[in-house]
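A short write-up of the structure that comes next.
Residue numbers (our numbering), protein chains in the order written: chain A, 23 to 268; chain B, 1477 to 1726.
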């Protein structure tokens, strides 16, 4: 009897993709904040970070002055927290959520746009794990750079004593540059700034140049730390101190 | 190994929506100009597998046989495309035929694509001209608007753009490129633009335009060469303008 009684749900079948839920949910807001946060403030911070570190090319003295300038900002920890750490954390965690919900299919559709879609996920993930390691080492452990700007150059050099760390820096710079450059391109396309095919292609060249420039500046900066004789840390400061906040 | 005088097919079969799928192989005599649909017709006329076993004819959707109705979309050698315009001479052997992977299978190669119809309803993809009296002729479209609208009106609802999209799945429930492109078509229509705000609002709901990851597979697989990525960019911009404007207007 029961075998013929319920024609409404006779099968245990895949329902397929649901239709659009107009007027429902907050995914639009969350996704657009994610998109915007990649440009402001995370992208803007990346620009500042690359420029500030490039002061290393002008020697340990110039580098110390730049670190002193930044660490002398009013409400510096608040700026770091709301301008850098929380936005990066949101961008990264929501980014992983986006990755989890996507269904990569480059094997079936091996086209440039599809490869770039995947590259944006991989470079984002690598850059995030790099940043966790990088901030732990340089910001939250060892000599406190904010209160000892003169030791900043030497601290980076100490880090570079390990060839694996140098390799991880190179990878991190490569991935962050790639992710930012293609992110700019995606932002312009998705927010309706570059609507035409020719405009998207042109802006693609611009973003490619931006990515290359970031990689180049990163490489030159790394070379400065590696080629300068090892700088002493400030006397009276032991390298084993750990500061989470100060 | 099929010699050059025959064509081999590997077809994914499924007897009912709840049944398990399995593969069957077929071998047909090769003749000039055959396509996947004409091959499926031959199999229906003589449903015998390659190893000589009589089977049921393969179920598939098709109608126009000239890439204009949108019925016969399926996975051919793993890619979403129209079976009627898939020429056998240009395909690697054995030719693998599968139903779309992201739509409920009805039987064999026939799938239920009603999600696109539901999405078109959700974005009000029509021109509102219902009334109790004769509204007279509508405003004329400029030549420029006609030329922009015509490629968009070529959509045949085949759902290839959705099948090939990495974001179109049961996690995101993304609306897909076809419906977004129709929003652009009806928003540029002088009478259809009466519903412009409602269409853009609909695309802000869960599964809306923001789920696009811009992998651009849609524009690559579209059999009608619809500028889908351009539509997504233009509608994306309009949605953002409206969303930001509403922050101050509402």
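No residue lacks a Cβ here, since even glycine has one placed at the ideal position from N, Cα and C. The structure presented is a predicted model; accordingly, all values stated were derived computationally and were not measured.
In angstroms, rounded to a whole number, what distance separates the CA positions of residue i and residue j?
| i | j | result |
| --- | --- | --- |
| residue 142 of chain A | residue 190 of chain A | 18 Å |
| residue 236 of chain A | residue 171 of chain A | 24 Å |
| residue 85 of chain A | residue 1633 of chain B | 60 Å |
| residue 129 of chain A | residue 78 of chain A | 43 Å |
| residue 1628 of chain B | residue 43 of chain A | 23 Å |
| residue 252 of chain A | residue 1681 of chain B | 57 Å |
| residue 1708 of chain B | residue 90 of chain A | 46 Å |
| residue 53 of chain A | residue 1609 of chain B | 45 Å |
| residue 153 of chain A | residue 1639 of chain B | 36 Å |
| residue 1636 of chain B | residue 113 of chain A | 31 Å |
| residue 1693 of chain B | residue 1677 of chain B | 25 Å |
| residue 217 of chain A | residue 1568 of chain B | 36 Å |
| residue 1509 of chain B | residue 225 of chain A | 43 Å |
| residue 1603 of chain B | residue 1661 of chain B | 10 Å |
| residue 229 of chain A | residue 213 of chain A | 16 Å |
| residue 255 of chain A | residue 164 of chain A | 11 Å |
| residue 1579 of chain B | residue 1689 of chain B | 20 Å |
| residue 1514 of chain B | residue 1641 of chain B | 28 Å |
| residue 1504 of chain B | residue 1716 of chain B | 54 Å |
| residue 247 of chain A | residue 116 of chain A | 34 Å |
| residue 1499 of chain B | residue 1574 of chain B | 9 Å |
| residue 1581 of chain B | residue 231 of chain A | 46 Å |
| residue 137 of chain A | residue 126 of chain A | 9 Å |
| residue 87 of chain A | residue 100 of chain A | 21 Å |
| residue 149 of chain A | residue 68 of chain A | 12 Å |
Which residues in chain B have a C-beta closer than 9 Å to the C-beta of residue i? List them in chain order.
| i | result |
| --- | --- |
| residue 46 of chain A | 1681, 1682 and 1683 |
| residue 133 of chain A | 1691, 1692, 1693 and 1696 |
Name the residue from the options whose alpha carbon lies nearest to the alpha carbon of residue i.
| i | options | result |
| --- | --- | --- |
| residue 1664 of chain B | B:1506, B:1687, B:1615 and B:1570 | B:1615 |
| residue 124 of chain A | B:1618, B:1579 and B:1649 | B:1649 |
| residue 233 of chain A | A:207, A:99 and A:58 | A:207 |
| residue 61 of chain A | A:227, A:209 and A:254 | A:209 |
| residue 105 of chain A | A:127, A:70 and A:118 | A:70 |
| residue 179 of chain A | A:139, A:94 and A:160 | A:160 |
| residue 1576 of chain B | B:1519, B:1551, B:1600 and B:1543 | B:1551 |
| residue 1722 of chain B | B:1673, B:1706 and B:1686 | B:1673 |
| residue 1727 of chain B | B:1630, B:1668 and B:1533 | With chain B represented from 1477 up to 1726, any question about residue 1727 of chain B goes unanswered, as that position is not in the structure. |
| residue 51 of chain A | B:1691, B:1684, B:1710 and B:1726 | B:1684 |
| residue 139 of chain A | A:83, A:97, A:203 and A:245 | A:203 |
| residue 222 of chain A | B:1699, B:1529 and B:1705 | B:1705 |
| residue 1720 of chain B | A:55, A:67, A:119 and A:131 | A:55 |
Just to make sure I have the definition right: I need the residues of chain C whose C-beta is within less than 7 Å of the C-beta of residue i. Which are they?
| i | result |
| --- | --- |
| residue 1688 of chain B | The structure shown contains no chain C; the protein chains it does contain are A and B. |
Quick one: which chain A residues come within Cβ less than 7 Å of residue i?
| i | result |
| --- | --- |
| residue 1580 of chain B | 35, 36, 37 and 38 |
| residue 1554 of chain B | 130 |
| residue 1518 of chain B | The contacting residues do not exist; residue 1518 of chain B stays about 27 Å from chain A at best. |
List, in order along the chain, the chain A residues whose C-beta lies closer than 9 Å to that of residue i?
| i | result |
| --- | --- |
| residue 1677 of chain B | 44 and 45 |
| residue 1714 of chain B | 214 |
| residue 1598 of chain B | 41, 42, 43 and 44 |
For residue i, does the three-state DSSP call read helix, strand or coil?
| i | result |
| --- | --- |
| residue 131 of chain A | coil |
| residue 1485 of chain B | strand |
| residue 182 of chain A | coil |
| residue 1549 of chain B | strand |
| residue 1500 of chain B | strand |
| residue 1763 of chain B | No statement about residue 1763 of chain B is possible, as the shown extent of chain B runs from 1477 to 1726 and does not include it. |
| residue 1632 of chain B | coil |
| residue 24 of chain A | With a pLDDT of 44 at residue 24 of chain A, under the threshold of 50, the modelled position of that residue is not reliable, and the figure given next carries that caveat. Helix. |
| residue 1616 of chain B | coil |
| residue 108 of chain A | helix |
| residue 1563 of chain B | strand |
| residue 1586 of chain B | strand |
| residue 1544 of chain B | coil |
| residue 1556 of chain B | strand |
| residue 1511 of chain B | strand |
| residue 1505 of chain B | strand |
| residue 1701 of chain B | coil |
| residue 1611 of chain B | coil |
| residue 5 of chain A | As displayed, chain A neither begins before 23 nor continues past 268, which places residue 5 of chain A out of reach and without an answer. |
| residue 222 of chain A | helix |
Which chain A residues are close to residue i, counting only those with a beta carbon under 8 Å from its beta carbon?
| i | result |
| --- | --- |
| residue 1588 of chain B | 38 |
| residue 1591 of chain B | 38, 39, 40 and 41 |
Applying a beta-carbon distance threshold of less than 8 Å, which residues of chain B neighbour residue i?
| i | result |
| --- | --- |
| residue 208 of chain A | 1690 |
| residue 102 of chain A | Residues of chain B passing the Cβ test: none, with the nearest at roughly 28 Å. |
What does residue i reach in chain B if we use C-beta pairs closer than 7 Å?
| i | result |
| --- | --- |
| residue 150 of chain A | Neighbours of residue 150 of chain A on chain B: none; closest Cβ ~18 Å, over 7 Å. |
| residue 218 of chain A | 1706 |
| residue 123 of chain A | 1647 and 1648 |
For a test of your reading of the model: does the CB of residue i fall under 7 Å from any non-hydrogen atom of the ligand GDP? Yes or no.
| i | result |
| --- | --- |
| residue 1609 of chain B | Summarising the ligand content, the structure contains no ligands, and the ligand GDP is consequently not present. |
- Using Cβ-Cβ distances below 8 Å, what residues of the segment 1699-1711 of chain B are close to chain A? Taking 8 Å as the Cβ-Cβ cut-off against chain A, the residues of the segment 1699-1711 of chain B that qualify are 1703, 1705, 1706, 1708, 1709, 1710 and 1711.
- Query: If you measure beta-carbon to beta-carbon, which residues of the segment 1622-1646 of chain B are closer than 7 Å to chain A?
  - Reply: Under the 7 Å Cβ criterion, the segment 1622-1646 of chain B contributes 1640, 1642, 1643, 1644, 1645 and 1646.
- Item | Residues of the segment 1561-1577 of chain B whose Cβ lies closer than 8 Å to any Cβ of chain A, in chain order | Hits within the stretch: zero.
- When Cβ atoms are compared, which residues of the segment 1647-1660 of chain B fall closer than 9 Å to chain A? Those would be 1647, 1648, 1649, 1650, 1651, 1652 and 1655, in chain order.
- Listed from N- to C-terminal order along the chain, which residues in the segment 180-195 of chain A have their beta-carbon within a distance smaller than 8 Å of any beta-carbon of chain B? So nothing in the stretch comes that close.
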